[in-house]
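Quick mapping for you: the protein sequence lines, in order, are chains F and U. Per my numbering, the first sequence runs over residues 124 to 267. Per my numbering, the second sequence runs over residues 124 to 267. Since the structure comes first, as structure tokens, the remarks are kept for the end.
Number of protein chains: 2
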Amino acid sequence: MDRQLCPVVNAVKLIGDKWTLLILREMYLGFRKFDDFQKNLTISKSVLTVKLNRMLELGLLEKKEYQVEKQRSRYEYCLTDKGIDSSKVIIALLEWGNSYLVNPKNPSITTVEKGTFSATRLCMNNEQGEVVDWKDLRLVIQEK
Amino acid sequence: MDRQLCPVVNAVKLIGDKWTLLILREMYLGFRKFDDFQKNLTISKSVLTVKLNRMLELGLLEKKEYQVEKQRSRYEYCLTDKGIDSSKVIIALLEWGNSYLVNPKNPSITTVEKGTFSATRLCMNNEQGEVVDWKDLRLVIQEK
DNA sequence: CGGTATCCCGTGTGATACTG
DNA sequence: CAGTATCACACGGGATACCG
Chain F
124 MDRQLCPVVN
134 AVKLIGDKWT
144 LLILREMYLG
154 FRKFDDFQKN
164 LTISKSVLTV
174 KLNRMLELGL
184 LEKKEYQVEK
194 QRSRYEYCLT
204 DKGIDSSKVI
214 IALLEWGNSY
224 LVNPKNPSIT
234 TVEKGTFSAT
244 RLCMNNEQGE
254 VVDWKDLRLV
264 IQEK
Chain U
124 MDRQLCPVVN
134 AVKLIGDKWT
144 LLILREMYLG
154 FRKFDDFQKN
164 LTISKSVLTV
174 KLNRMLELGL
184 LEKKEYQVEK
194 QRSRYEYCLT
204 DKGIDSSKVI
214 IALLEWGNSY
224 LVNPKNPSIT
234 TVEKGTFSAT
244 RLCMNNEQGE
254 VVDWKDLRLV
264 IQEK
């Protein structure tokens, strides 16, 4: 078996780079337009184009036309379910970073539940819905 | 605010590269020696050295001496708490990959609870311990 | 506004050879 | 076995200029 072929590596190849993650983060924050991304992230336009097109190809995003009254039509980028589900990766990085990379210059980012603004955190749950400690996990590989 | 300074980006800079993630995965699987990593991952020795030293510096790993009877002493790499906690990142990538990047040639990897072998999955829990849907999450940035 | 095209440079990585 | 040293190369990404 080639141990480099695994879902972890494939996933990180697709969404594990700095710019893709930052664009996803901006989208969770509600931004949708090319210009927003460019201004917020100070990414060069050429790279942003490449990243967005790649994310469209991967099915993380969809491009939708919209029109503000009396203006020309524009496009916005919307998250697909595949894109929304990738939030678990961003949140895992976020929680680990918050725990171990505390830097007073960093903005602090937290996750909350939509309606209640109740703080949330990542957990591993077993089949009974009980929380499992990270130290009590095991990875299991099924060869094919 | 520089939006590129955030825990997500800092985290991905430290543990978001292919080799660091693969080494961490090998360690969760129980491997601890230089030679194991090199053979399992077919990584070049020079790169493996660089990666391991970097992970030692970051405090993800510790090097421990051990001795098998009548052999010379050796070193093995052990995960620290910081390293163990990074499993949430690997698991998030794993789950997302398992959901969206199905490839019959890939080995399938799952996570189970140590004692019971009960399957586990990542969830967001709120303060009441209830599971929150990924679509109902919001990121909140506190500027500083 | 939302891109595309071109150039240049730094970094990550593999291959190879050498060491205690 | 567990590295270190050197080289060569591909690729990501920034800067810049141009376009509909």
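Glycine included, each C-beta is placed from N, C-alpha and C at the ideal position.
Give the DSSP-derived three-state secondary structure of residue i in the structure shown.
i: F/R177; result: helix
i: F/I213; result: helix
i: U/E250; result: coil
i: U/R190; result: Sequence inspection shows Gln at residue 190 of chain U; the Arg mentioned does not correspond to that position. Here U/Q190 sits in coil by DSSP.
i: F/I161; result: The amino acid at residue 161 of chain F is misidentified as Ile; the sequence shows Gln. It is helical.
i: U/R148; result: helix
i: U/S196; result: coil
i: U/S222; result: helix
i: F/L128; result: coil
i: U/L137; result: helix
i: F/S268; result: Residue 268 of chain F is absent from the structure shown; chain F starts at 124 and stops at 267.
i: U/L183; result: coil
i: U/I166; result: coil
i: F/T243; result: strand
Taking 8 angstroms as the limit between beta carbons, can you name the residues of its chain near residue i, skipping five residues before and five after?
i: F/L216; result: L144
i: U/R197; result: K156, E188, Y189, Q190, V191
i: F/K211; result: L245
i: U/D159; result: E149
Inspect the beta-carbon positions of residue i and residue j and report whether they are closer than 7 angstroms.
i: U/L262; j: F/L152; result: yes
i: F/L171; j: F/Q161; result: yes
i: U/M247; j: U/V235; result: no
i: F/L147; j: F/I214; result: no
i: U/S222; j: U/I138; result: no
i: U/I207; j: F/W257; result: yes
For residue i, which option in the options has the closest C-alpha, if you only look at C-alpha atoms?
i: U/N133; options: F/W219, F/G252, F/T203, F/N176; result: F/W219
i: F/T203; options: F/I213, F/L181, F/L224; result: F/L181
i: F/K141; options: U/K228, U/N229, U/F240, U/V131; result: U/V131
i: F/M150; options: F/N221, F/G252, F/E199; result: F/E199
i: F/G238; options: U/N249, U/I166, U/L137; result: U/N249
i: U/F240; options: F/D158, F/S241, F/Q251; result: F/Q251
i: F/T243; options: U/K228, U/T243, U/A242, U/D259; result: U/D259
i: F/P230; options: U/E253, U/Q265, U/S169, U/N226; result: U/Q265
i: U/K186; options: U/C201, U/E253, U/S167; result: U/C201
i: U/L224; options: F/N226, F/K205, F/K228; result: F/K205
i: U/I166; options: F/R126, F/Q194, F/D159; result: F/R126
Take residue i and list the residues in its own chain whose beta-carbon comes closer than 6 angstroms to its own, dropping the five residues that flank it on each side.
i: F/M178; result: L184
i: F/F154; result: none
Does the Cβ of residue i lie closer than 6 angstroms to at least one heavy atom of the ligand HEM?
i: F/E253; result: This structure lacks the ligand HEM, and indeed carries no ligand of any kind.
Which same chain residues, not among the five before or five after residue i, have their C-beta less than 7 angstroms away from its C-beta?
i: F/N163; result: E149, F154
i: U/N226; result: none
i: U/K168; result: Q161
Residues, ordered as in the chain, of the segment 193 to 224 of chain F that lie near chain U by beta-carbon distance below 8 angstroms: K205, I207, D208, S209, S210, K211, V212, I213, I214, A215, L216, L217, E218, W219, G220, N221, S222, Y223, L224
Positions along the segment 249 to 263 of chain U whose CB lies within less than 8 angstroms of some CB in chain F: N249, E250, Q251, G252, V254, V255, W257, K258, D259, L260, R261, L262, V263
Residues within the segment 226 to 243 of chain U neighbouring chain F, beta-carbon criterion of under 9 angstroms: N226, P227, K228, N229, P230, S231, I232, T233, T234, V235, E236, K237, G238, T239, F240, S241, A242, T243
Interfacial residues, the segment 134 to 151 of chain F to chain U, with Cβ spacing under 8 angstroms: A134, V135, K136, L137, I138, G139, D140, K141, L144, L145, R148, E149, Y151
Residues from the segment 151 to 176 of chain F in contact with chain U, defined by Cβ distance under 8 angstroms: Y151, L152, N163, L164, T165
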